[in-house]
Amino acid sequence: DRFLVNADRRFLTRLLPDLAADYRQWETERQLTNGLFWQYDVKDAMEESISGSRTEKHLRPTLNSYMFANARAIAAIASLANKHKLAAEFAAKAEALQRGVQASLWDEQAKFFKVRHESGQLSDAREAIGWLPWMFHLPDSNRGYEQAWLQFADPQGFRAPAGLTTAERRHPQFRSHGFGHCEWDGAVWPFATSQTLVALANVLRDYPQTAVTRAD
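639 is the number of the first residue of the sequence shown in the working numbering; add one for each residue after it.
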């Protein structure tokens with residue numbers, strides 16, 4: 639994004655080896671055999687979430703969206719540097735992550751992107767991180783994923799008097815993990831709100847859908 643403003647190609651392309659090396663280290667430390675990445679909720683800065691764990695290797699919409707965006711960016715930078723083989727490699731990584739997130743983290747019944755537990759089961763909670771894939775245009779359009787945004791203005795979903803909650807208000811564990819500390823079990827957080835609003839802007843601008851409107 640910075641390059642798109644200042645067009646400083648030299649600065650950007652000099653970062654390419656380090657960016658690629660960093661990505662490969664994440665693959666070594668956090669990638670499972672299905673190609674998706676796992677993370678503890680506390681290391682997503684989202685501790686004590688309904689779906690989270692400090693010990694289990696859950697597949698989360700957060701890290702997988704970040705890695706999709708990283709791979710896509712590295713591919714674009716490699717193209718600028720005329721490193722076409724590297725660009726193709728990372729474009730393929732981004733495409734594989736896109737397919738994996740849509741296949742493994744989408745709950746067709748709940749119409750939401752969710753955490754998949756180490757056990758293989760999807761979480762039973764809709765959480766604001768389920769909108770994060772749209773922050774990077776990860777979901778394909780016209781596939782029904784936009785229905786997740788029906789929860790945006792629903793008072794039983796995420797709409798609350800003090801802002802957007804981080805977990806759906808109807809869930810039985812909503813605000814059950816404590817009070818006034820670092821819980822992400824529904825409390826409003828500026829970090830999550832900022833991510834959601836970026837995702838929302840992308841949906842309103844770039845996705846044909848009726849689930850959420852400018853009025854919302």
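C-beta: ideal position from N, C-alpha, C; glycine also. Computed from a predicted structure; not experimentally measured.
Exercise for the section: State the Cα-Cα distance for the pair Leu842 and Thr693, rounded to the nearest angstrom. Expected result: 37 Å
Practice task
Give me the Cα-Cα distance between Val826 and Ala791, rounded to the nearest whole angstrom.
Solution key: 15 Å
Problem - CB of Asp823 within 7 Å of CB of Ser717, strictly - result: no
Handout entry: Backbone CA spacing between Ser742 and Arg754 [nearest angstrom]
Key = 7 Å
Problem - Selection from Glu727, Ala714, Arg737 that minimises the alpha carbon distance to Asn702 - result: Arg737
Exercise for the section: Take the Cβ of Lys731 as the centre, count every other Cβ of all protein chains shown within 10 Å, and call the residue buried at 16 or more, exposed below. Expected result: buried
Exercise for the section: Classify Glu756 as helix, strand or coil using the three-state DSSP reduction. Expected result: coil
Problem - Pro810 versus Arg647: straight-line alpha-carbon distance, rounded - result: 51 Å
Problem - For Phe675: DSSP bridge partner residues - result: Gln669
Handout entry: Boundaries (first-last residue) of the alpha helix (DSSP H) holding Asn780
Key = No alpha helix (DSSP H) contains Asn780, which DSSP labels as neither H nor E.
Practice task
Would you check if the stretch 797 to 814 and the stretch 751 to 769 touch, i.e. whether three or more CB-CB distances between them fall below 8 Å?
Solution key: yes
Exercise for the section: Please classify Ala786: is it buried, with 16 or more other beta-carbons within 10 angstroms of its beta-carbon, or exposed? Expected result: buried
Practice task
Could you spell out the range, first to last residue, of the alpha helix (DSSP H) harbouring Ser717?
Solution key: 699 to 718
Exercise for the section: Check whether the Cβ atoms of Ala734 and Gly782 lie closer than 7 Å to each other. Expected result: no
Exercise for the section: Kindly give me the distance between the Cβ atoms of Leu838 and Val850, rounded to whole angstroms, as I take these residues to be in contact under 8 Å. Expected result: 7 Å
Handout entry: Residue environment, Gln928, which counts as buried when at least 16 other CB atoms sit within 10 Å
Key = Outside the shown range of the chain, which is 639 to 854, sits residue 928, and nothing can be said about it.
Handout entry: Unbroken alpha helix (DSSP H) run spanning Arg764, endpoints
Key = Arg764 -> no alpha helix (DSSP H), and no H or E assigned at all.
Exercise for the section: State the CB to CB distance for the pair Pro699 and Pro793, rounded to an integer number of angstroms; the pair is presumed to be in contact (CB under 8 Å). Expected result: At roughly 23 Å, the Cβ-Cβ gap does not stay under 8 Å, so Pro699 and Pro793 are not in contact.
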